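Participant:
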């Protein structure tokens, strides 16, 4: 299923996902992405027999943050152009 994190409490490590007008509780142990949940996050998830969200993954999640482009040539050109 696809839903949105409606709320998350970092103290209790639990939250709620809304999908198609239905609410699904979840616990952080079922969160499979390396960054903590935040309200408004779009997520993929499954539902278990207790009607709780499990196997929760961020939609379009990056496993590693993007890295900056580092180039001495570009730095040199910018230095010449910008003075």
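Residue numbers (this note's numbering): 678 to 760.
Quick reminder that beta carbons are idealized off the backbone N, C-alpha and C, glycines included.
What you are looking at is a predicted structure, and each value in this text was computed from that prediction instead of being measured.
1. Which residue or residues does DSSP assign as beta-bridge partners of residue 758?
2. What residue from 682, 707 and 710 has the CA that sits closest to residue 700's CA?
3. I'd like to confirm the pairing. Which residues does DSSP put opposite residue 699 in its beta bridges?
4. Does the pairing of the segment 686-698 with the segment 719-739 give three or more beta-carbon distances under 8 Å?
Facilitator: Put simply:
1. Taking the first residue of the chain shown as position 1, residue 758 is located at position 81. DSSP, once it has assigned bridges, lists no residue as partnering residue 758.
2. Working through the chain shown from its first residue, we reach residue 700 at position 23. The shortest Cα separation from residue 700 among 682, 707 and 710 belongs to 682.
3. For the purposes of this step, residue 699 is taken as residue 22 along the chain shown, with counting starting at 1. DSSP lists 696 as partners of residue 699.
4. yes
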